[in-house]
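Participant: Residue numbers (the UniProt record's numbering): 1 to 317. Let me begin by handing over the structure; questions about it come next.
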């Protein structure tokens with residue numbers, strides 16, 4: 001090969017190397033957040049997108065059902081999920097944890113609640129416990145209201161019906177969506193009609209509806225502590241090794257129940273805010289939270305993360 005051809009070949013090699021390196025860097029900087037259409041998970045996911053973008057990452061929030069979320073994490077099509085409610089999701093999530101394809105990672109919200117609830121006037125009339133539901137079947141039209149199909153809470157309710165737990169064999173699960181279910185609850189409650197529905201905290205429903213959570217949950221249903229839950233951040237296998245900076249951020253991101261309740265209530269009072277703006281406004285008013293999140297976390301070019309996010313907030317809010 002002549003010296004001229006060698007120079008051309010070397011030039012092509014250098015260009016190809018730089019192109020591949022650039023492509024790999026860009027791929028490593030894209031973070032996909034798996035989300036489900038629940039208010040709390042949406043708020044966490046949208047806040048995380050904003051934080052990641054402020055650090056220079058390309059971040060995307062993609063909405064799936066719960067089962068598809070775990071498949072996406074398992075195959076590497078998603079990087080993180082902020083909505084692993086335990087113990088209610090154990091039947092879906094544990095098999096992925098056991099295989100090691102999804103990492104449970106960190107508790108992002110202890111002290112949550114996830115179980116069946118009723119309007120308080122039903123509780124005052126005697127419907128206080130899971131064992132009371134069947135006694136009032138006629139008043140309830142033999143229905144229990146859940147949210148979207150495939151949701152873990154719906155699966156627990158259907159399992160209770162299928163196994164005739166608490167005498168619920170005659171009941172029917174009504175699956176719809178979070179918004180549709182809460183609209184139905186509020187419509188029935190206006191007329192003092194009876195309803196049992198899937199409730200959780202944090203959520204603005206706790207402010208909007210005079211509601212009571214039922215006692216009597218077991219380890220086979222929503223957990224033995226009356227539906228008290230811990231919400232976990234899950235990540236795909238290998239994320240810590242592939243992007244330790246992002247993994248450090250995700251480990252730091254804790255969302256107290258009080259924080260989430262305040263954000264949700266602000267959105268309910270002023271719908272023009274939207275989830276993202278409401279979350280960012282709360283963080284701007286409470287800088288100690290994001291400063292803790294961004295401790296020892298940097299931008300993609302190695303600068304301190306907290307000042308970068310503060311500048312992002314100042315530009316957005």
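From the three backbone atoms N, C-alpha and C, an ideal C-beta is built for every residue, glycine too. Every value quoted in this text rests on a predicted model; they were computed, and no experiment measured them.
From the DSSP output, in three-state form, read off residue 194 for me.
Facilitator: As a working mapping, residue 194 is identified with position 194 in the chain shown. Coil.
Participant: With a cut-off of 8 Å, do at least 3 Cβ pairs link the segment 289-309 to the segment 50-59?
Facilitator: Verdict: yes, contact present.
Participant: Please report the Cβ distance between residue 37 and residue 178, rounded to the nearest whole angstrom; I am assuming they are in contact, meaning their Cβ atoms lie under 8 Å.
Facilitator: As a working note, residue 37 is residue 37 in the chain shown. As a working note, residue 178 is residue 178 in the chain shown. Indeed, because the Cβ distance is near 7 Å, the residues count as touching under 8 Å.
Participant: Could you check where the alpha helix (DSSP H) with residue 73 kicks off and where it finishes?
Facilitator: As a position in the chain shown, residue 73 is number 73, starting the count at 1. Counting along the chain, the alpha helix (DSSP H) containing residue 73 begins and ends at 66-75.
Participant: Look at the alpha carbon of residue 132 and the alpha carbon of residue 126, and state the distance between them as a whole number of angstroms.
Facilitator: On the chain shown, residue 132 is found 132 positions in, with the first residue counted as 1. On the chain shown, residue 126 is found 126 positions in, with the first residue counted as 1. So the alpha carbons of these two residues sit roughly 7 Å apart.
Participant: So residue 129 and residue 221 are in contact, right, with Cβ under 8 Å, and what is the actual spacing, rounded?
Facilitator: Within the chain shown, the letter at position 129 stands for residue 129. Within the chain shown, the letter at position 221 stands for residue 221. That belief does not hold up - the Cβ atoms of residue 129 and residue 221 are roughly 12 Å apart, past 8 Å.
Participant: Going by DSSP, what residue range makes up the beta strand (DSSP E) through residue 267?
Facilitator: Taking the chain shown and counting its residues from 1, one reaches residue 267 at position 267. Where residue 267 is concerned, there is no enclosing beta strand (DSSP E), although the alpha helix (DSSP H) it sits in stretches over 257-269.
Participant: Taking 8 Å as the threshold (C-beta atoms), are residue 194 and residue 252 in contact?
Facilitator: By one-based count along the chain shown, residue 252 stands at place 252. By one-based count along the chain shown, residue 194 stands at place 194. Result no, Cβ atoms of residue 252 and residue 194 do not sit closer than 8 Å.
Participant: Helix, strand or coil for residue 45, going by three-state DSSP, please let me know.
Facilitator: Position 45 of the chain shown, counted from the start, is the residue given in the question as residue 45. Correct three-state label for residue 45: helix.
Participant: Alpha carbon to alpha carbon, what distance is there between residue 52 and residue 183?
Facilitator: Counted from its first residue, the chain shown places residue 183 at position 183. Counted from its first residue, the chain shown places residue 52 at position 52. The alpha-carbon atoms of residue 183 and residue 52 are separated by roughly 34 Å.
Participant: Check for me: the beta strand (DSSP E) holding residue 109 runs from which residue to which?
Facilitator: The sequence position of residue 109 within the chain shown is 109, counting from 1. Where residue 109 is concerned, the enclosing beta strand (DSSP E) stretches over 102-119.
Participant: Quick test of the definition: if touching needs 3 or more C-beta pairs under 8 Å, does the segment 140-153 touch the segment 39-51?
Facilitator: No, the segment 140-153 is not in contact with the segment 39-51.
Participant: Can you tell me the Cα-Cα spacing of residue 170 and residue 163, whole angstroms?
Facilitator: Here residue 170 is taken as the residue at index 170 of the chain shown, counted from 1. Here residue 163 is taken as the residue at index 163 of the chain shown, counted from 1. Rounded to whole angstroms, residue 170 to residue 163 spans 11 Å at the Cα level.
Participant: Please return the same chain residues whose Cβ sits closer than 8 Å to the Cβ of residue 155, not counting the five positions on each side in sequence.
Facilitator: As a working note, residue 155 is residue 155 in the chain shown. Once the five neighbours on either side are set aside, the close Cβ partners of residue 155 are 91, 92.
Participant: Give the single residue among 102, 166, 158 whose Cα lies nearest to the Cα of residue 174.
Facilitator: Along the chain shown, read from residue 1 onward, the residue named residue 174 stands at position 174. Among 102, 166, 158, the Cα nearest to that of residue 174 belongs to 158.
Participant: Just curious, the alpha helix (DSSP H) that residue 324 is in, first and last residue?
Facilitator: Outside the shown range of the chain (1 to 317) lies residue 324, about which nothing can therefore be said.
Participant: Helix or strand or just coil, what does DSSP make of residue 151?
Facilitator: In the chain shown, the residue the question calls residue 151 occupies position 151. Here residue 151 sits in coil by DSSP.
Participant: Just how far apart, CA to CA, sit residue 20 and residue 29?
Facilitator: Within the chain shown, numbered from 1, the residue matching residue 20 stands at position 20. Within the chain shown, numbered from 1, the residue matching residue 29 stands at position 29. With a pLDDT of 42 at residue 20, under the threshold of 50, the predicted position of this residue should be treated as unreliable, and no value is reported.
Participant: For residue 85 versus residue 231, is the C-beta spacing smaller than 8 Å?
Facilitator: Against the chain shown, residue 85 aligns to sequence position 85. Against the chain shown, residue 231 aligns to sequence position 231. Against a cut-off of 8 Å, the Cβ pair of residue 231 and residue 85 comes out as a contact.
Participant: For residue 260 and residue 165, what's the separation of their Cα atoms in angstroms?
Facilitator: By 1-based counting over the chain shown, the position of residue 260 is 260. By 1-based counting over the chain shown, the position of residue 165 is 165. Cα to Cα, the separation comes out at about 33 Å.
Participant: I'd like the list of long-range same chain contacts for residue 317, defined as Cβ closer than 8 Å, with 5 residues on each side in sequence excluded.
Facilitator: Looking up residue 317 in the chain shown gives position 317. The answer, listed in chain order, is 277, 280, 281, 284.
Participant: So if DSSP puts residue 60 in a beta bridge, which residue, or which two residues, is it bridged to?
Facilitator: In the chain shown, the residue the question calls residue 60 occupies position 60. In the DSSP output, where bridge partners are listed per residue, residue 60 has 32.
Participant: Please name the residue, chosen from 87, 48, 255, that lies closest to residue 223 on a Cα-to-Cα basis.
Facilitator: Translated into the one-based positions of the chain shown, residue 223 becomes position 223. Among 87, 48, 255, the Cα nearest to that of residue 223 is on 87.
Participant: Across which residues does DSSP place residue 304 in a beta bridge pair?
Facilitator: Position 304 of the chain shown, counted from the start, is the residue given in the question as residue 304. Beta-bridge pairing links residue 304 to 298.
Participant: Just to confirm my understanding: we take residue 263, look at its own chain, exclude 5 residues before and 5 after, and list those with CB closer than 7 Å. What are they?
Facilitator: The residue labelled residue 263 in the question sits at position 263 within the chain shown. Only 43, 278, 279, 282 meet the Cβ criterion.
Participant: Measure how close the beta-carbons of residue 234 and residue 104 come, nearest whole angstrom, since I'm counting them as under 8 Å.
Facilitator: Reading the chain shown from its first residue, position 234 is the one you call residue 234. Reading the chain shown from its first residue, position 104 is the one you call residue 104. Going by Cβ atoms, the distance from residue 234 to residue 104 rounds to 6 Å, so yes, they are a contact pair.
Participant: Tell me the DSSP secondary structure of residue 235 in three-state form.
Facilitator: Within the chain shown, the letter at position 235 stands for residue 235. Residue 235: strand per DSSP, three-state reduction.
Participant: Quick one: measure Cβ to Cβ for residue 145 and residue 229, integer angstroms, because I've assumed they're closer than 8 Å.
Facilitator: Residue mapping note: residue 145 aligns to position 145 of the chain shown, counting from 1. Residue mapping note: residue 229 aligns to position 229 of the chain shown, counting from 1. About 19 Å separates the two Cβ atoms, so there is no contact after all.
Participant: So for residue 281, helix, strand or coil by DSSP?
Facilitator: Taking the chain shown and counting its residues from 1, one reaches residue 281 at position 281. Correct three-state label for residue 281: helix.
Participant: Where DSSP assigns a beta bridge to residue 144, which residues make up the other side?
Facilitator: Counting from 1 along the chain shown, the entry for residue 144 is found at position 144. Paired residue(s): 173.
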